[in-house]
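Trainee: The structure that follows is given in the form of structure tokens.
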Amino acid sequence: MMRKTGRYRARLAETGADLQAAQRLRWLAFIGRRGAAPDQTALDADDHDAACAHVLIEDQRSGQLVATFRFLALASGAEIERSYSARHYDLRKLKEFAGPMVEMGRFCTHPEYSDPDILRVAWGWMTAYVDAHGVQLLFGCSSFMGTETQGYQDAFALLRQRYLAPRCWLPRVKSPKVFRFARALARFTPDPRRAQAGLPPLLRTYLLMGGWVSDHAVVDDQLGTLHVFTGLEIAAIPPARQRLLRQVAG
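21 is the number that our numbering gives to position 29 of the sequence shown; each next residue is one higher, with no gaps.
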């Protein structure tokens, strides 16, 4: 399945070389961006890659890979333990989710590209997949760059104030290193402008569509990020936004 929008196209990885290109971009985005020594062969790869499908977003003019993400389709919440997120969060409540679900992960863009159309193309591709397969829940881990909470207080306070998961789906703590922001920032009033500026673009998009998050962030020393579990029930997406997504999906 391929989708083209303007300058960019999205397609599934088909070869080992495609997968390596995605893993290379992930290394650049998550590890190289932190100042790691340049390495033309370094990859971000793990055992979960084999279970997932991988989407590549490319610049049609140059062929440059500008973004990537991987996804895992699950028949229902009964399969939630197969997900990458379940390694970091206690997701036992989501075992009761009855419908098809998809985990999206490792979403990243090339450090030299910041065009918002890239994210639109990615969501357009995923929208077409959701419609074709009757997916009822998207979920994954949304990452903040760095492992220090300083500078993100407003963003996390906003998440606590407006976007916590429904109690019936709320993930519990599983990882040894977490920031319990809902508890720590219970009396902190966020500045709306600083809060929005501190939210990662992917998470901001989830929230605009009706998404919700865990009440704590996991400290991921391997990737050098803080991440929150993020869920989006497809039925909760506002009709106007659904129409926009389907326009992009073509």
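Built from N, CA and C at the ideal position, the CB exists for glycine as well.
State yes or no: is the C-beta of D36 within less than 9 Å of the C-beta of I23?
Mentor: yes
Trainee: Measuring CB to CB, does K87 end up less than 9 Å from R164?
Mentor: Not a contact, by the Cβ cut-off of 9 Å.
Trainee: Got a sec? Which residues, its chain only, sit under 6 Å from V205 by beta carbon, not counting five neighbours each side?
Mentor: The beta carbon of V205 lies closer than 6 Å to those of L151, Y155, V220 and T222 in the same chain, with the five residues before and after it left out.
Trainee: Flag this pair as touching only if the region 130 to 144 and the region 48 to 58 have three or more C-beta atom pairs under 8 Å; answer yes or no.
Mentor: no
Trainee: With a 10 Å radius around its C-beta and 16 neighbouring C-beta atoms as the bar for buried, classify Q15 as buried or exposed.
Mentor: Burial call: buried.
Trainee: Kindly indicate the opening and closing residues of the beta strand (DSSP E) around L111.
Mentor: Looking at the DSSP string, L111 is not in any beta strand (DSSP E); the run it does join, the alpha helix (DSSP H), is P108 to H125.
Trainee: Can you tell me whether G(-2) is buried or exposed? The criterion is at least 16 other CB atoms within 10 Å of its CB, across all chains shown.
Mentor: exposed
Trainee: Classify T60: buried if its beta carbon has 16 or more other beta carbons within 10 angstroms, exposed otherwise.
Mentor: buried
Trainee: Taking the beta strand (DSSP E) that F180 belongs to, which residues open and close that run?
Mentor: Per DSSP, F180 belongs to no beta strand (DSSP E) and is neither H nor E.
Trainee: Between M96 and R62, is the Cβ-Cβ spacing less than 9 Å?
Mentor: yes
Trainee: Are R18 and P103 close, meaning C-beta to C-beta below 9 Å?
Mentor: In this structure, the beta-carbon distance from R18 to P103 does not fall below 9 Å.
Trainee: Roughly how many angstroms lie between the CA atoms of A13 and V113, to the nearest whole one?
Mentor: 19 Å
Trainee: Can you give me the C-alpha to C-alpha distance between T197 and Q32, rounded to a whole angstrom?
Mentor: 32 Å
Trainee: Start and end of the alpha helix (DSSP H) containing L224?
Mentor: Counted as a single uninterrupted DSSP element, the stretch harbouring L224 is not any alpha helix (DSSP H) but the beta strand (DSSP E) occupying residues T217 to E225.
Trainee: Give the straight-line distance between the Cα atoms of G116 and H125, rounded to the nearest whole angstrom.
Mentor: 14 Å
Trainee: Pop quiz: A149 and P184 are said to be a contact at Cβ under 8 Å. What is the actual Cβ separation, rounded to whole angstroms?
Mentor: About 10 Å separates the two Cβ atoms, so there is no contact after all.
Trainee: Within this structure, are the beta carbons of H40 and D10 separated by less than 9 Å?
Mentor: no
Trainee: Which two residues bound the contiguous beta strand (DSSP E) that contains T243?
Mentor: No answer is possible for residue 243: the residues shown for the chain start at -7 and end at 242.
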